[in-house]
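Below: the structure, in structure tokens.
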Amino acid sequence: MRVFVALNLDRAVRKRLHGSLEALRQRDWPVRWTAASSLHLTLRFLGDIEGNEVPRIEESLRTVAARHGPQRLELAGFGAFPSLRRASVLWVGVTPDPALMALQRELELAMSRLGYGREQKPFRPHVTVARLRAGARTPDVERDAAGYEHTDNDHVETMDLMRSHTDPGGARYETLLRIALGQEADT
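Its first residue numbered 21, the sequence shown is counted upward by one per residue in the numbering used here.
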């Protein structure tokens, strides 16, 4: 199963963010938009794992979560990977708050200790809102998205282990574990 660790946005925040993208969704861009229910901030992608790996991942997640309190996320900005001129992934930024960055660094270390390898790219907190369709020509996102702004705040109290299901209509996510931030891990 394909898994990742995420901070899932509050339902109301997801709805507002999704709604703010309506004008961009009207553009004739060859992208697959992320459903409102799937909007999240990925802290660490783990990839394909076996089901028997979940308990040791859970133990590490609980240890990390106990040392970090709930997260205040500030959504602001719009961008694309690798760039607006060559967009393949569209995103709304999340301010790299020191508490968020500390949580992600410790999570990265914990997952690499479990054998999941270190991420090669630096962590840039964001919420993916769309992906370019395979083989499609890159739209002029830089021109067409000029002026788009969305700012919002969220208070996230759990760190979640998510499973990704790939369907013809795009990815669908299932929460495997929801771990409270700032609570002592069971010993």
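The C-beta atom is built at its ideal place from N, Cα and C for all residues, glycine as well.
Identify, in the order they occur along the chain, each residue of the same chain with its Cβ nearer than 7 Å to the Cβ of residue i, setting aside the five sequence neighbours on each side.
i: PHE65; result: PHE24
i: LEU201; result: ALA85, HIS88, GLY89, PRO90, GLN91, GLU177, THR178 and MET179
i: GLY67; result: ARG22
Given a threshold of 16 other Cβ atoms within 10 Å of its Cβ, counted over all protein chains shown, does residue i qualify as buried or as exposed?
i: THR207; result: No answer about THR207 holds up, because its pLDDT of 48 lies below 50 and its placement is not dependable.
i: ALA100; result: buried
i: MET121; result: exposed
i: ARG45; result: exposed
i: PRO159; result: buried
i: GLN140; result: exposed
i: ARG125; result: exposed
i: ALA26; result: buried
i: LEU129; result: exposed
i: THR186; result: exposed
Do you know offhand how far residue i's Cα is from residue j's?
i: LEU152; j: GLY71; result: 30 Å
i: LEU59; j: LEU127; result: 20 Å
i: ASN28; j: LEU61; result: 6 Å
i: LYS35; j: ASP117; result: 23 Å
i: THR54; j: ARG192; result: 9 Å
Can you round the beta-carbon distance between residue i and residue j to whole angstroms, since I take them to be within the 8 Å contact cut?
i: HIS146; j: PRO90; result: Contact flag wrong, Cβ pair sits at about 20 Å.
i: LEU196; j: LEU81; result: Not confirmed; about 10 Å, so no contact.
i: ARG76; j: LEU134; result: 6 Å
Which residues in the same chain as residue i place their Cβ atom closer than 6 Å to its Cβ, once the five residues preceding and following it in sequence are excluded?
i: GLU94; result: THR115 and ASN173
i: ARG106; result: THR158
i: GLY190; result: ARG52
i: GLU194; result: ARG183
Report all residues from its chain with a CB closer than 8 Å to the CB of residue i; omit the five preceding and five following residues, and keep chain order.
i: PHE98; result: LEU110, TRP111, VAL112, GLY113, ALA165, TYR168, GLU169 and HIS170
i: LEU37; result: LEU29, ALA56, LEU59, LEU95, VAL112, VAL147, VAL149, HIS170 and ASP172
i: SER132; result: ARG138
i: GLN203; result: ALA85 and ALA86
Which full runs of the alpha helix (DSSP H) of 4+ residues lie inside the stretch 54 to 116, going along the chain? Runs of the alpha helix (DSSP H) inside the stretch 54 to 116: 74 to 86.
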